[in-house]
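Student: Numbering (mature numbering (1 follows the signal peptide of the UniProt record, and there is no 0)), first residue to last: -27 to -1, 1 to 209.
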């Protein structure tokens, strides 16, 4: 009986321990997403639903201005030590408050670039453009190329034939007889008849110089002279 009781007690204890180990593990499972800027610095943390949990604002040289420092990924993605306020950049430690490294650069300075003679300088004095991936030399930040822009297709359609010319209708108009006035003291009994054919465009507004079925019409009228009587000088 004592052996059976001892076995039951051990089984119950095993189940209790198993539940105690599994329950905290399930309760501590939290999914978080870290969002970075162009330099690789984490600027926001969101949960699985997209809600913003935390935001981080940096000064140009990496000092955090809106929250206390904490251990983990920090400025330009390097590890931050909250105890010292330094960023570990593999080869050297960087102080964001000073904007400089706290140890000498191990790379020999380039004789064509004077800024390399400053052995503590960070990112050539331009932290918005350059970053230091391993504490030895500044490099340009890597930005993703812009996505291509797709232009819409444009179909140009020319007219299949010239626009038709509206027809012109000719309307004959007779002018009245014209008598010439006196010239030089005597009267010339001469009458000129001017039957002129006037072309008037129709309501379509076409040019009066275009006739359907023929070439352009430049001479639109004709003048017919009647008989003229020339009196002899001195005749009665």
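Idealized CB from N, CA, C, for every residue including glycine.
Could you check the C-alpha separation between residue 70 and residue 122 for me, to the nearest Å?
Tutor: In a straight line, the C-alpha of residue 70 is about 42 angstroms away from that of residue 122.
Student: Whole angstroms is fine: what's the gap from residue 93's alpha carbon to residue 111's?
Tutor: So the alpha carbons of these two residues sit roughly 12 angstroms apart.
Student: Quick check on this structure: which residue in 9, 64, 30, 125 has the alpha carbon closest to the alpha carbon of residue 233?
Tutor: Nothing can be reported for residue 233, as the shown portion of the chain is limited to -27 through 209.
Student: With a threshold of 16 other CB atoms inside 10 Å of the CB of residue 28, please say whether the residue is buried or exposed.
Tutor: Classification for residue 28: exposed.
Student: Under 8 angstroms by Cβ, that's how I've got residue 49 and residue 76 pegged, so tell me the actual separation to the nearest angstrom.
Tutor: Contact doesn't hold; Cβ gap of about 17 angstroms is too wide.
Student: Rounded to the nearest angstrom, what separates residue 101 and residue 128 at their Cα positions?
Tutor: Approximately 45 angstroms between the Cα atoms of the pair.
Student: For residue 35, count neighbouring Cβ atoms within 10 angstroms of its own Cβ and tell me buried if that reaches 16, exposed if not.
Tutor: Residue 35 comes out buried.
Student: Using the three-state DSSP reduction, which class does residue 17 fall into: helix, strand or coil?
Tutor: If DSSP states are grouped into helix, strand and coil, residue 17 belongs with the strands.
Student: Within this structure, are the beta carbons of residue 73 and residue 108 separated by less than 8 angstroms?
Tutor: In this structure, residue 108 does not lie closer than 8 angstroms to residue 73 by Cβ.
Student: For residue 72, which three-state DSSP category applies?
Tutor: In this structure, residue 72 counts as coil in the three-state DSSP scheme.
Student: DSSP state of residue 97, grouped into three classes?
Tutor: In this structure, residue 97 counts as helix in the three-state DSSP scheme.
Student: Tell me which residue opens and which closes the beta strand (DSSP E) that residue 104 is part of.
Tutor: Run containing residue 104: 103 to 105, per the beta strand (DSSP E) assignment.
Student: Can you name the start and end residues of the beta strand (DSSP E) that residue 8 belongs to?
Tutor: Here the beta strand (DSSP E) through residue 8 covers 5 to 9.
Student: Taking only the alpha-carbon atoms, compute the straight-line gap between residue 21 and residue 4 and give it to the nearest angstrom.
Tutor: Spanning the two alpha carbons is a distance of roughly 6 angstroms.
Student: Under the three-state reduction of DSSP, which class applies to residue 48: helix, strand or coil?
Tutor: DSSP places residue 48 in helix when its eight states are reduced to three.
Student: Alpha carbon to alpha carbon, what distance is there between residue 53 and residue 46?
Tutor: Using only the alpha carbons, I get a separation of about 6 angstroms.
Student: For residue 80, name the three-state secondary structure that DSSP assigns.
Tutor: Correct three-state label for residue 80: coil.
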